[in-house]
Amino acid sequence: MEIAGRALHVTSIALAISTVIGVPLGTWLALTRFPGRRIVTALIYTGMGLPPVVVGLAVYLLLSRSGPLGEWSWLFTVQAMVLAQVIIAVPLVIGVTMSSVLAVDPSLRLQLRGLGASSWQATQALLGEARFGVILGLVAGFGSIISEVGAVMLVGGNIDGRTRVLTTAIVLETRKGNFDLAVALGIILLAISFATNLVMVLGQGRLAEVK
Amino acid sequence: MKNPLRLLAVLVIAALLLAACVPAAPTEPERLILATTTSTDDSGLLDAILPVFEEAYNAQVDVVAVGTGQALEIGAAGDADVVLVHARAREDQFVAEGNGTARYDVMYNDFVIVGPADDPAGITGAGSAVEALTLLADAQAPFISRGDDSGTHTKELSLWEKAGITPEGDWYISSGQGMGETLTMAAEQQAYTLSDRATYAVRQAEGLDLTILVEGDEALFNPYGVIPVNPEKHPGINADLAQKFVEWITSLETQELIAGYEVNGQQLFVPDSEAWRAAHP
Numbered sequence: 002m003e004i005a006g007r008a009l010h011v012t013s014i015a016l017a018i019s020t021v022i023g024v025p026l027g028t029w030l031a032l033t034r035f036p037g038r039r040i041v042t043a044l045i046y047t048g049m050g051l052p053p054v055v056v057g058l059a060v061y062l063l064l065s066r067s068g069p070l071g072e073w074s075w076l077f078t079v080q081a082m083v084l085a086q087v088i089i090a091v092p093l094v095i096g097v098t099m100s101s102v103l104a105v106d107p108s109l110r111l112q113l114r115g116l117g118a119s120s121w122q123a124t125q126a127l128l129g130e131a132r133f134g135v136i137l138g139l140v141a142g143f144g145s146i147i148s149e150v151g152a153v154m155l156v157g158g159n160i161d162g163r164t165r166v167l168t169t170a171i172v173l174e175t176r177k178g179n180f181d182l183a184v185a186l187g188i189i190l191l192a193i194s195f196a197t198n199l200v201m202v203l204g205q206g207r208l209a210e211v212k
Numbered sequence: 004m005k006n007p008l009r010l011l012a013v014l015v016i017a018a019l020l021l022a023a024c025v026p027a028a029p030t031e032p033e034r035l036i037l038a039t040t041t042s043t044d045d046s047g048l049l050d051a052i053l054p055v056f057e058e059a060y061n062a063q064v065d066v067v068a069v070g071t072g073q074a075l076e077i078g079a080a081g082d083a084d085v086v087l088v089h090a091r092a093r094e095d096q097f098v099a100e101g102n103g104t105a106r107y108d109v110m111y112n113d114f115v116i117v118g119p120a121d122d123p124a125g126i127t128g129a130g131s132a133v134e135a136l137t138l139l140a141d142a143q144a145p146f147i148s149r150g151d152d153s154g155t156h157t158k159e160l161s162l163w164e165k166a167g168i169t170p171e172g173d174w175y176i177s178s179g180q181g182m183g184e185t186l187t188m189a190a191e192q193q194a195y196t197l198s199d200r201a202t203y204a205v206r207q208a209e210g211l212d213l214t215i216l217v218e219g220d221e222a223l224f225n226p227y228g229v230i231p232v233n234p235e236k237h238p239g240i241n242a243d244l245a246q247k248f249v250e251w252i253t254s255l256e257t258q259e260l261i262a263g264y265e266v267n268g269q270q271l272f273v274p275d276s277e278a279w280r281a282a283h284p
């Protein structure tokens with residue numbers, strides 16, 4: 002249970018950071034025109050498909066004592082795992098936020114301006130319209146990072162009581178031939194994933210009603 | 004209209020609260036990163052003995068269990084404070100290159116060649132490990148190699164070299180995984196493989212369908228050594244605690260713990276530190 006708690010803990014922090022970075026950036030990208038925007042968009046979409054294990058390798062090399070950020074002593078810690086998960090989730094959150102905001106009827110924005118809304122108020126209203134997509138993006142981000150194993154194994158080291166999370170514990174128990182335990186952990190992971198999605202879906206429903 | 008940013012804010016705050024709930028230790032124990040092989044960890048030995056060290060030195064030992072090759076790499080990069088591995092020649096090289104301060108004997112066990120009980124290649128009773136491998140190559144019997152640069156893989160390659168055989172072909176399968184996965188794979192495919200005795204014994208106790216076919220050859224000797232990482236190369240190393248760890252694991256008391264560690268009544272590691280040898284001439 003401690004392992005499940007840690008998995009939730011690490012992933013929640015990573016998702017919170019990803020949200021803080023990704024939602025504003027995605028909204029900004031959707032509402033701003035600037036040269037090279039298409040290239041940035043293509044880069045974001047590439048980022049959404051980054052192989053997690055490559056992210057893990059990059060973070061590992063970055064944080065290794067022989068690497069550029071070695072002084073932080075972050076390798077084989079929870080911070081390293083959060084960092085890797087943020088890098089995996091941020092493009093996802095940006096990308097989904099961007100496309101959700103873009104999907105809002107463009108005339109709405111003009112209308113809002115016409116009604117005298119400030120740019121900030123207009124942005125808020127647009128985000129409001131796009132919230133289903135954004136929430137879906139967050140759910141997707143959560144699902145992808147809590148079930149990710151390669152990157153957290155590399156940068157966390159799967160240390161008992163410190164950086165062992167559900168996915169790495171499943172790998173370990175399978176290696177040790179403890180299939181019962183591995184399956185039990187897998188079921189917990191599924192249950193967490195399901196519960197989170199359920200909460201998000203219910204939240205969406207409530208939002209829709211309020212509207 | 005309800006503010007959508009509020010939902011986001013609530014989510015973020017909830018996550019941060021979760022983050023704040025991490026229990027803080029009363030007096031923060033000192034952290035020691037031990038890079039070691041899967042055999043010492045998967046066999047349960049470290050779980051059995053490390054709490055004694057953690058208690059005595061108010062330390063937190065973070066065990067990173069990987070193959071010997073990777074463990075030595077982690078040490079060379081300064082990402083571990085101490086390494087406990089089993090590939091003698093590479094350990095000496097590690098020290099010679101200035102990555103570690105010195106190598107100390109800790110314990111040994113042995114490798115065994117395991118395979119299906121009906122032994123289709125007929126290696127049971129082979130005079131030596133080299134002879135057994137020669138028989139396997141002649142019969143093209145499926146053999147699963149770790150293929151992961153671990154201590155066991157290093158040993159396996161040295162045995163093939165001694166046999167004058169370059170193992171290749173469909174029968175020679177490189178799993179690229181740890182000992183546990185490789186044993187599982189061998190059992191599933193009823194193939195042969197080389198395993199350290201500890202990992203095999205633990206897995207066999209759980210009903211692994213493989214039998215020891217060749218054992219007892221001197222060439223299968225499997226010594227484990229401990230090496231503190233050189234703090235001169237990487238100032239961030241916790242050299243003090245690493246040295247204390249080396250002194251502790253080679254001490255007579257700990258060696259007795261190692262001798263007493265059994266799985267299903269079978270002793271898995273034989274203590275072999277200087278202190279132990281002095282006390283048991």
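Sequences listed follow chains X and S, in order. Take any residue in the first sequence, note its place counting from 1, add 1, and you have its number in the numbering used here. Take any residue in the second sequence, note its place counting from 1, add 3, and you have its number in the numbering used here. Glycine included, each C-beta is placed from N, C-alpha and C at the ideal position. None of the values given here were measured: they were computed from a predicted structure.
Starting from residue i, follow the alpha helix (DSSP H) in both directions and report where the run begins and ends.
{"i": "Thr214 of chain S", "result": "Premise fails: Thr214 of chain S lies in the beta strand (DSSP E), Thr214 to Val217, not in any alpha helix (DSSP H)."}
{"i": "Glu164 of chain S", "result": "Gly154 to Ala166"}
{"i": "Gly111 of chain X", "result": "First, the amino acid is wrong: residue 111 of chain X is Leu here, not Gly. It spans Pro107 to Gly115 - the alpha helix (DSSP H) in which Leu111 of chain X sits, taken as one unbroken run."}
{"i": "Tyr175 of chain S", "result": "Not the alpha helix (DSSP H): Tyr175 of chain S falls in the beta strand (DSSP E), residues Tyr175 to Ser177."}
How about residue i and residue j: are their beta carbons less than 9 Å apart?
{"i": "Ala144 of chain S", "j": "Trp163 of chain S", "result": "no"}
{"i": "Ile88 of chain X", "j": "Leu51 of chain X", "result": "yes"}
{"i": "Phe272 of chain S", "j": "Leu37 of chain S", "result": "no"}
{"i": "Val64 of chain S", "j": "Leu53 of chain S", "result": "yes"}
{"i": "Val109 of chain S", "j": "Ser276 of chain S", "result": "yes"}
{"i": "Val98 of chain S", "j": "Ile215 of chain S", "result": "no"}
{"i": "Ala90 of chain S", "j": "Gly183 of chain S", "result": "no"}
{"i": "Val232 of chain S", "j": "Thr71 of chain S", "result": "no"}
{"i": "Leu87 of chain S", "j": "Gly178 of chain X", "result": "no"}
{"i": "Ser101 of chain X", "j": "Phe133 of chain X", "result": "yes"}
{"i": "Ala222 of chain S", "j": "Leu255 of chain S", "result": "no"}
{"i": "Ala107 of chain S", "j": "Thr196 of chain S", "result": "Checking the sequence, you will find Tyr at residue 107 of chain S rather than Ala. For Tyr107 of chain S and Thr196 of chain S, no; Cβs fall outside 9 Å."}
{"i": "Ala68 of chain S", "j": "Thr30 of chain S", "result": "no"}
{"i": "Val150 of chain X", "j": "Thr98 of chain X", "result": "no"}
{"i": "Glu235 of chain S", "j": "Gly101 of chain S", "result": "yes"}
{"i": "Phe248 of chain S", "j": "Tyr60 of chain S", "result": "yes"}
{"i": "Glu94 of chain S", "j": "Gly228 of chain S", "result": "yes"}
{"i": "Glu3 of chain X", "j": "Gly162 of chain X", "result": "yes"}
Just to confirm my understanding: we take residue i, look at its own chain, exclude 5 residues before and 5 after, and list those with CB closer than 8 Å. What are they?
{"i": "Leu109 of chain X", "result": "Ala126, Leu127 and Glu130"}
{"i": "Leu173 of chain X", "result": "Asn159 and Arg165"}
{"i": "Val156 of chain X", "result": "Gly57, Val60, Tyr61, Leu64, Leu76, Phe77, Ala81, Met82, Leu84 and Ala85"}
{"i": "Gly96 of chain X", "result": "Gly27, Ile45, Tyr46, Gly48, Met49 and Gly138"}
{"i": "Asp152 of chain S", "result": "Gly70, Thr71, Gly72 and Gln73"}
{"i": "Gly125 of chain S", "result": "Leu138 and Ala142"}
DSSP on residue i, reduced to helix/strand/coil?
{"i": "Asp108 of chain S", "result": "strand"}
{"i": "Glu149 of chain X", "result": "coil"}
{"i": "Ala31 of chain X", "result": "helix"}
{"i": "Thr127 of chain S", "result": "coil"}
{"i": "Ala192 of chain X", "result": "helix"}
{"i": "Leu87 of chain S", "result": "strand"}
{"i": "Thr12 of chain X", "result": "helix"}
{"i": "Leu76 of chain X", "result": "coil"}
{"i": "Pro26 of chain S", "result": "With a pLDDT of 46 at Pro26 of chain S, under the threshold of 50, the modelled position of that residue is not reliable, and the figure given next carries that caveat. The answer is coil: DSSP assigns Pro26 of chain S none of H, G, I, E or B."}
{"i": "Ala281 of chain S", "result": "helix"}
{"i": "Glu235 of chain S", "result": "coil"}
{"i": "Asp326 of chain S", "result": "No answer is possible for residue 326 of chain S: the residues shown for chain S start at 4 and end at 284."}
{"i": "Gly134 of chain X", "result": "helix"}
{"i": "Asp45 of chain S", "result": "helix"}
{"i": "Tyr203 of chain S", "result": "helix"}
{"i": "Gly206 of chain X", "result": "helix"}
Got a sec, what are the start and stop residues for the beta strand (DSSP E) residue i sits in?
{"i": "Val79 of chain X", "result": "First-last for Val79 of chain X: Val79 to Ala104, but that is the alpha helix (DSSP H), not the beta strand (DSSP E)."}
{"i": "Asp199 of chain S", "result": "Tyr195 to Asp199"}
{"i": "Gln63 of chain S", "result": "Ala62 to Val69"}
Among the residues of its own chain, which have a CB less than 7 Å from the CB of residue i, if the five just before and after it don't count?
{"i": "Ala5 of chain X", "result": "Leu167, Ile189 and Ile193"}
Going along chain C in order, which residues have a C-beta closer than 7 Å to the C-beta of residue i?
{"i": "Arg106 of chain S", "result": "No chain C is part of this structure, whose protein chains are labelled X and S."}
Within a Cβ cutoff of 6 Å, which residues of the same chain sit near residue i, ignoring the five residues on either side of it in sequence?
{"i": "Met188 of chain S", "result": "Ile147 and Ser178"}
{"i": "Ile18 of chain X", "result": "Val87"}
{"i": "Leu113 of chain X", "result": "Ala123 and Ala126"}
{"i": "Gly118 of chain S", "result": "Tyr195 and Leu216"}
{"i": "Val205 of chain S", "result": "Ser46 and Val266"}
{"i": "Leu186 of chain X", "result": "Leu167, Ala170 and Ile171"}
{"i": "Glu218 of chain S", "result": "Val115"}
Short of 8 Å Cβ to Cβ, which residues in the region 148 to 166 of chain S face chain X?
none
Going along the chain, which residues of the region 141 to 166 of chain X sit with their C-beta nearer than 7 Å to a C-beta in chain S?
Gly158, Ile160, Asp161 and Arg163
Taking Cβ-Cβ distances below 8 Å as the criterion, which residues of the region 106 to 120 of chain X are in contact with chain S?
none
Near-chain S residues of the region 69 to 80 of chain X (beta-carbon distance less than 8 Å), N- to C-terminal order:
Gly71, Glu72, Ser74, Leu76 and Phe77
What are the residues of the region 168 to 189 of chain S that lie near chain X, defined by any Cβ-Cβ distance shorter than 7 Å?
Taking 7 Å as the upper bound on Cβ-Cβ separation, chain X lies near residues Gly181, Gly183, Glu184 and Thr187 of the region 168 to 189 of chain S.
Just by C-beta distance, which residues in the region 79 to 109 of chain S are closer than 7 Å to chain X?
Ala80, Gly81 and Asp82
Taking Cβ-Cβ distances below 7 Å as the criterion, which residues of the region 200 to 225 of chain S are in contact with chain X?
Arg206, Glu209 and Leu211
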